Ligand code: G3I
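As structure tokens, then:
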């Protein structure tokens, strides 16, 4: 059976991110994607600089193709992402006036969010990688420079106003591995919730190097946000240990804990180790090999969904 079939039995939305629309030219890629997964997210095509390099001039071709594919295959799409510390066009990077930047954010969010059916693109990474990679404060990105730390709250309010029913996530890396960063994100998000900022969930990237998060950490994260009324998703999991057995074990351990902690939205950052189909070429971090054969990691994930 497929991952999608097993996940659906538990009301888990299973997905693959890092989808570049040109990969759909390969019928085998497209077949595995639609058979195994119920959600997909674009790798780069939704990032501001790819979508709107010049103010007001949008390049929708690639994203339209992904969304059409999803709709034809009964899948949903994750809006990755609205703003991020990376990937901003020059016209944004050159802004110094808060009013102009707010207007640009509003125009960009509305254009992107209103482009697609809100039942197909039903969840969004509103802010990605707000924190320094290793923790220790907010990244001093263009939004922070011009609008101050309140840019995060502003972004969520703009997104909520654009589509009231959309699920809005804050997407962050390494919080499952770095205890101080975990606390920092919790403090940030609980502050947003206390201020009435419309955030619905935390998207854990989970690009895992060498070791799985310590047992219990995912469960603690889920419970701490549940107490705030928020959900936790796994958004971009891949595992790069360079050792297949260890990789398999990590996939299995993380998925078992995710299932028992009731995480209901789980995506991987791609599915095939095919050259350049992962951002970690050579690392073999995904569930299928270069010829689309399922690896040990696939069976570990499948078992966790089927039996946990
Ligand atoms: O499109 C340009 C091309 O025109 C140019 O010639 C070439 C030369 O460098 O660069 C191309 O852009 C690259 C882009 O991928 C498309 O291939 C960027 O340099 C490169 O930085 C970019 O990397 C992406 C990275 O995010 C940064 O945006 C990866 O593909 C993508 O997998 C990665 O994904 C991120 C998530 O969005 C957020 N979480 C972490 C995750 C992994 O880093």
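Residue numbers (mature numbering (1 follows the signal peptide of the UniProt record, and there is no 0)): 9 to 316.
Heads up, the beta-carbon is just placed ideally off N, CA and C, and yes, glycines get one too.
Quick caveat, the model's predicted, so the values are computed rather than measured.
Could you spell out where the alpha helix (DSSP H) holding residue i opens and where it closes?
i           : result
residue 18  : No alpha helix (DSSP H) contains residue 18, which DSSP labels as neither H nor E.
residue 258 : 252-268
residue 152 : 150-155
residue 314 : 304-315
residue 296 : Here residue 296 belongs to no alpha helix (DSSP H), and DSSP marks it neither H nor E.
residue 118 : 106-123
residue 199 : 187-202
residue 56  : 56-59
residue 231 : 225-234
Identify every residue that forms a DSSP beta bridge with residue i.
i           : result
residue 273 : 21
residue 246 : 215
residue 96  : Residue 96 is not bridged to any residue.
residue 47  : 23 and 84
residue 241 : 211
residue 179 : 136 and 211
residue 62  : 65
residue 91  : 135
residue 286 : BP columns for residue 286 are empty, so no partner.
residue 146 : 139
residue 280 : 296
Could you give the residue range of the beta strand (DSSP E) that holds residue i?
i           : result
residue 136 : 129-136
residue 171 : Element bounds for residue 171: n/a, residue is neither H nor E.
List the whole-angstrom C-beta distance separating residue i from residue j, where the pair is believed to meet the contact cut-off of C-beta under 8 Å.
i           : j           : result
residue 25  : residue 10  : Incorrect: roughly 18 Å between the Cβ atoms, too far for contact.
residue 19  : residue 272 : 6 Å
residue 269 : residue 217 : Not a contact, Cβ separation roughly 22 Å.
residue 121 : residue 160 : Actually they are not in contact, since the Cβ atoms of residue 121 and residue 160 sit about 17 Å apart, beyond 8 Å.
residue 163 : residue 91  : 6 Å
residue 87  : residue 56  : Actually they do not touch by this definition, with Cβ atoms about 12 Å apart.
residue 220 : residue 261 : 5 Å
residue 238 : residue 197 : 7 Å
residue 14  : residue 313 : 4 Å
residue 46  : residue 16  : 7 Å
residue 248 : residue 291 : 4 Å
residue 212 : residue 142 : With 8 Å as the limit, residue 212 and residue 142 do not qualify as a contact, their Cβ atoms being about 16 Å apart.
residue 175 : residue 139 : In fact, because the Cβ distance is near 21 Å, the residues do not count as touching under 8 Å.
residue 209 : residue 240 : 6 Å
residue 29  : residue 73  : 4 Å
residue 71  : residue 54  : 6 Å
Tell me whether residue i, by its Cβ, gets closer than 7 Å to a heavy atom of ligand 2.
i           : result
residue 169 : Among the ligands present in this structure, namely ligand 1, ligand 2 is not found.
Sufficient close CB pairs (3 or more, under 8 Å) joining the stretch 37-44 to the stretch 103-113: no
Contact the stretch 290-301 vs the stretch 57-70: 3+ CB pairs below 8 Å: no
On the three-pair Cβ rule with 8 Å, is the stretch 241-257 touching the stretch 274-293? yes
Check whether the stretch 179-193 and the stretch 148-159 touch, using three or more Cβ-Cβ pairs below 8 Å as the test. no
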